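Engineer: After the structure tokens below, expect a handful of questions from me.
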Amino acid sequence: QVLSNVLSPNDTGITFEDIGALDNVKETLRELVMLPLQRPELFSKGQLRKPVKGILLFGPPGTGKTMLAKAVATESGANFISVSMSIITSKKFGESEKYVKAVFSLVSKISPAVIFVDEVDSMLAKRGSQGEHEAMRKIKNEFMVNWDGLRTKEQERILVLGATNKPYELDDAVIRRFPRRIMVSLPDALNREKILKVLLSKETLAPDVDPKSVSNMTEGYSGSDLKNLCVTAAYCPFVKFLRRKRRRRARR
Ligand code: ATP
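Residue 291, in the UniProt record's numbering, is where the sequence shown stops; the numbers in between run on with no holes.
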């Protein structure tokens, strides 16, 4: 199961070019993640300049956090392993910790690698917070112990990339382990236009479709909302055609 979750760099199929807007975030990720993964020798001298072991992407749902994590893996040539909460919680008592251990043992063998933990708040929530079960506490401890254990030169090329919509629910100890926290916010009009251009780049558009005017009409939309809008629009001519056909048939 752990192995089925591993994607080699080219398998994620996502690059920074597929992500519209978020220029600052992409720039920061390039500097923080890709450089240490690609050029570890630049970080070998002194005690202060060390590759970061954890980066937290936080922001509203659908703003592209998962896409960014996958693009980081592709562009840095790192293997990508996504730690799925649904797999962890579906396991029998005691098995979840073994799964977490297996993830870290595997990435140590395939570094450089990115461990992506989506909805990191559901695994690494505040200690003693409401609903924190004994089982979850054990999983969290196992995760942190293994994460702290990444100390060898090779293991320095392993990065934990967490994503969350609820950063305030994270345990303080967890927050400390993510020394870099990057906000991925909802796009403004200019950035919505950039996202629409990426989403529509391979489509044939009607002459009156203008991404700028659509971006002005979609205040509050996330990248994911814009994608859904485009998918719905792509179906429109097709749906209209079928409806017309049905009406014609009914008239006969
Ligand atoms: P969640 O917090 O709900 O997990 P997320 O922030 O991880 O969401 P993604 O899963 O990366 O968001 O985005 C969902 C989908 O929305 C993507 O698969 C993509 O189709 C589209 N999308 C989101 N942001 C962008 C963007 N900036 N450019 C292009 N597509 C985007």
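Glycine is no exception: its CB is placed at the ideal position from the N, C-alpha and C atoms.
Just so we're clear, the structure is a prediction, and the values are computed from it rather than from any experiment.
Is I214 helix, strand or coil when you go by DSSP?
Structural biologist: Note: I214 maps to helix in three-state DSSP.
Engineer: I'd like the list of long-range same chain contacts for S261, defined as Cβ closer than 7 angstroms, with 5 residues on each side in sequence excluded.
Structural biologist: Within the same chain, S261 has close Cβ partners P99, P100, G101, T102 and L225.
Engineer: Going by beta-carbon coordinates alone, are I197 and I154 separated by less than 8 angstroms?
Structural biologist: Yes.
Engineer: Smallest Cα separation from K266: which of M106, A202, G85 and V146?
Structural biologist: Looking at the Cα atoms, M106 is the closest of the given residues.
Engineer: Determine which residues share a DSSP beta bridge with T203 and list them.
Structural biologist: Answer is F97, bridged to T203.
Engineer: CB of S263 to nearest heavy atom of the ligand ATP: below 7 angstroms?
Structural biologist: For the ligand ATP, at least one heavy atom lies less than 7 angstroms from the Cβ of S263.
Engineer: When we look at the beta-carbon of L189 and count the other beta-carbons within 10 Å, is it buried (16 or more) or exposed?
Structural biologist: Buried, by the Cβ-count rule.
Engineer: Where D62 and P246 are concerned, what is the direct C-alpha to C-alpha distance, given to the nearest angstrom?
Structural biologist: Answer to the nearest angstrom: the Cα atoms are 28 angstroms apart.
Engineer: Taking Cβ positions, are A117 and A152 nearer each other than 8 angstroms?
Structural biologist: In this structure, A152 lies closer than 8 angstroms to A117 by Cβ.
Engineer: Which residues does DSSP pair with R288 in a beta bridge?
Structural biologist: R288 pairs with nothing; no bridge assigned.
Engineer: Examine the Cβ distances between the segment 117-131 and the segment 83-99 and report whether three or more of them are shorter than 8 angstroms.
Structural biologist: The answer is no - the segment 83-99 does not touch the segment 117-131, with fewer than three Cβ pairs under 8 angstroms.
Engineer: On the criterion of 16 or more Cβ atoms from any shown chain inside 10 Å, does F217 qualify as buried, or is it exposed?
Structural biologist: Flag for F217 reads buried.
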